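Counting from 9, one number per residue, gives the positions in the sequence shown under our numbering.
Virtual Cβ for every residue (Gly too), placed ideally from N, Cα, C.
Note that the structure is a prediction, hence the values are computed from the model and not measured.
All remarks here apply to the structure that follows.
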Amino acid sequence: MSTATPADWQSSPAPQTAQDWTTRAAEVAAVLATDAAERDRAGATPYAEVQLLKDAGLVTLLGPTEHGGAGQDWPTAYRVVREVAKADGSIGQLLGYHYLWFWAARLVGTRDQWQRIEAEATSDRWFFGGAVNPRDKDVIVTEDGGDLVFTGRKTFSTGSKVSDVTVLEGVLDGTELHVFAVVPSDSEGLTFHDDWDNIGQRLTESGGATIDRVRTPWASALGYVDKKFQPRTYNTLNVPTIQLVFVNFYLGIAGGALETAAAYTRTKSRPWLHGGYERAVDEPYVIDIYGDLTAKLWAAEALADAVAAEGQKLHDDPDAVTAQTRGEFEVRVAAIKARATDVSLEIGNRIFEVTGARATNTAEGLDRFWRNVRTHTLHDPVAYKRREVGRWVLEGELPEPTWYS
């Protein structure tokens, strides 16, 4: 396993290819893995971990090269998220959400807006968070001169205290128009709460946020020109894009669970005293389970990579995205979301069958993999993802764009 450090990264050339960046992500994961279980138990705000992502250059992976970014594509970003999540699911989630919110200006904004935001975000290495939770009551946006004023509360705001900027979303008062804007995370009136106390993904800073008259200029309202929104079908690609982020940190967590469990089985597990084998790695049922789980993971990863490549074609030509191509992509995303959910939960659970009773010791931290996946896979019911696929198979019905499809 790599032992590269931030000092090594600063003294060596930046990665150039997608594979180079995946290798860099693996180096980050190696650093995170050294104390992942301890950090999970401590639940401290991950300032150092986010700084590690910045030092490694992963924060600016999607940023334009002319401003110091890597200029990589979404399939590479997904693989990077997967690699980081092998060591720490929370940090994988934070990085994946950052990529989505970094891209939000391009999804929703005008060309002038996203070019300006991406340039500044890349050169200054902003880390993005987002206070956008559609299950809550809408944040209300009012006008005050040349400003917009956001007021409300969100139950979840992933990235909150470790973010440099936060994406806000609300409804313009008296209308049905939604407004997105990127504001500094230390904006007056924006308060993040320490109320994220869940069984998994403990370091994602996903607690609530109070938005008390947070001001931003009208010009920062993404996609608005002269106070009128300029709609494109590409605007609706935010949901399948973030759902693929979910898929990849689920699969990363599952991969990390298998790797960690296999290392335990090789070095610590004992064979069953009545089995007739001297080593746990020779137990037929142990070999069978590892083979079964690995095959399922590889199959899910292959589908995830294929769907990511399909999505990149849409990102490459945003103005050509139609309701048909968007809907077909969402069906594919729904399919891999369902598969990744099932596979990652199964792996997180079944690793204990091949590690043994002593592997449940708290110090080993093997439970964190299942807890992390179980927590986030409840984000939206996977049955509705399977339904999207089933309706398409039976009736050719495409999912209507919503906050969750």
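Sorted by chain position, which residues of the same chain lie with C-beta nearer than 7 Å to Ser10's C-beta, five sequence neighbours on each side aside?
-> In this predicted model, Ser10 has a pLDDT of only 47, less than 50, meaning its place in the structure is not dependable enough to derive any value.
Grouping DSSP H, G and I as helix and E and B as strand, with all else coil, what is Gly160?
-> Strand.
Distance CB(Leu230)-CB(Val116) smaller than 8 Å | Taking C-beta atoms as the reference points, Leu230 and Val116 count as a pair closer than 8 Å.
Sequence-distant residues of the same chain with beta carbon closer than 7 Å to Trp122, five excluded per side = Only Ala113 and Arg114 meet the Cβ criterion.
Out of Trp378, Val362, Ala391 and Gly356, which has the shortest C-alpha to C-alpha gap to Lys345?
-> It is Ala391 whose Cα lies nearest to the Cα of Lys345.
Can you grab the Cα-Cα spacing for the pair Pro192 / Leu176, in whole Å?
-> If you take the alpha carbons of Pro192 and Leu176, they lie about 10 Å apart.
Are Pro72 and Ala139 closer than 8 Å when you measure CB to CB?
-> No. Outside cutoff.
Please classify Ile99: does DSSP put it in a helix, a strand, or coil?
-> Ile99 falls in the helix class under three-state DSSP.
From Glu196 to Val222, what distance separates their C-alpha atoms?
-> Each residue's alpha carbon lies about 6 Å from the other.
Is there contact here, the stretch 244 to 256 with the stretch 67 to 87, by at least three beta-carbon pairs under 8 Å?
-> They touch, by the three-pair rule.
How about Val173 and Val187: are their beta carbons less than 8 Å apart?
-> No, the pair does not count as a contact, with Cβ atoms beyond the cut-off.
By the 10 Å Cβ neighbour count, where 16 or more other Cβ atoms means buried, how is Lys162 classified, buried or exposed?
-> With 16 or more other CB atoms across the displayed protein chains lying within 10 angstroms of its CB, Lys162 is buried.
Mind checking whether Gly100 and Gly260 have CB atoms under 8 Å apart?
-> Yes, these two residues count as a Cβ contact at 8 Å.
Could you tell me how far apart the beta carbons of Arg133 and Thr241 are, in whole angstroms, since I believe they sit closer than 8 Å?
-> Rounded, the Cβ-Cβ distance is 31 Å, inconsistent with contact.
Same chain, Cβ closer than 7 Å to Gly215, neighbours up to 5 away in sequence not counted = Closer than 7 Å at Cβ, skipping near neighbours: Ser165, Ser168, Phe200, His201, Asp202, Asp203 and Trp204.
Nearest-angstrom Cβ-Cβ length linking Leu252 and Val315, presumed shorter than 8 Å | In this structure Leu252 is in contact with Val315, their Cβ atoms being roughly 7 Å apart against a cut-off of 8 Å.
Please work out which residues of its chain come closer than 7 Å, Cβ to Cβ, to Thr68, disregarding the five sequence neighbours upstream and downstream, and give them in chain order.
-> Cβ neighbours of Thr68 beyond the five flanking positions: Gly76, Gly77, Ala78, Thr130 and Arg133.
Within 10 angstroms of the Cβ of Pro225, are there 16 or more other Cβ atoms? Answer buried if so, exposed if not.
-> Flag for Pro225 reads exposed.
Option nearest Trp29 by Cα separation, candidates Thr13, Arg379 and Glu91 = Restricting attention to Thr13, Arg379 and Glu91, the CA atom closest to the CA of Trp29 is found in Glu91.
Contact under 8 Å by Cβ, Gly137 with Thr383 | Taking 8 Å as the cut-off, the beta carbon of Gly137 is found no closer than this to the beta carbon of Thr383.
Are there 16 or more other CB atoms within 10 angstroms of the CB of Lys393, so buried, or fewer, so exposed?
-> Per the 10 Å Cβ criterion, buried.
Any chance the stretch 267 to 280 sits against the stretch 358 to 378, with 3 or more Cβ pairs inside 8 Å?
-> Inter-segment contact for the stretch 267 to 280 and the stretch 358 to 378 is present: three or more beta-carbon pairs are separated by less than 8 Å.
Could you check which residue in Gly284, Glu405 and Asp63 has the C-alpha nearest to that of Ala15?
-> Looking from the CA of Ala15, the closest CA among Gly284, Glu405 and Asp63 belongs to Asp63.
Smallest Cα separation from Pro409: which of Glu403, Ala331, Ala343 and Arg379?
-> Nearest option by C-alpha distance: Ala331.
Taking the DSSP output, what are the residues bridged to Asp194?
-> For Asp194, which the question treats as bridged, DSSP gives no partner whatsoever.
If we count the other Cβ atoms within 10 Å of its Cβ and call it buried at 16 or more, is Pro21 buried or exposed?
-> Counting Cβ neighbours within 10 Å, Pro21 comes out exposed, since fewer than 16 surround it.
How many Å lie between Thr13 and Pro23 at the Cα?
-> If I take the Cα positions, the gap works out to 14 Å.
With respect to the beta strand (DSSP E) encompassing Ser180, which residues constitute its N-terminal and C-terminal limits?
-> With the sequence shown as reference, residue 180 is identified as Leu, and Ser is not the correct amino acid for it. Val173 to Leu180 is the span of the beta strand (DSSP E), which, as asked, contains Leu180.
Beta-carbon spacing of Thr248, Gly319 below 8 Å | The sequence given here has Pro at residue 248, not Thr. With respect to the 8 Å criterion, Pro248 and Gly319 are classified as neighbours on the basis of their beta carbons.
Could you tell me the distance, in whole angstroms, from the CA atom of Glu405 to the CA atom of Arg399?
-> Going from the Cα of Glu405 to the Cα of Arg399 covers about 6 Å.
Nearest-angstrom Cα distance between Asn369 and Asp48?
-> Answer to the nearest angstrom: the Cα atoms are 14 Å apart.
Under 8 Å, do Val170 and Pro292 count as touching if we go by C-beta distance?
-> No. Outside cutoff.
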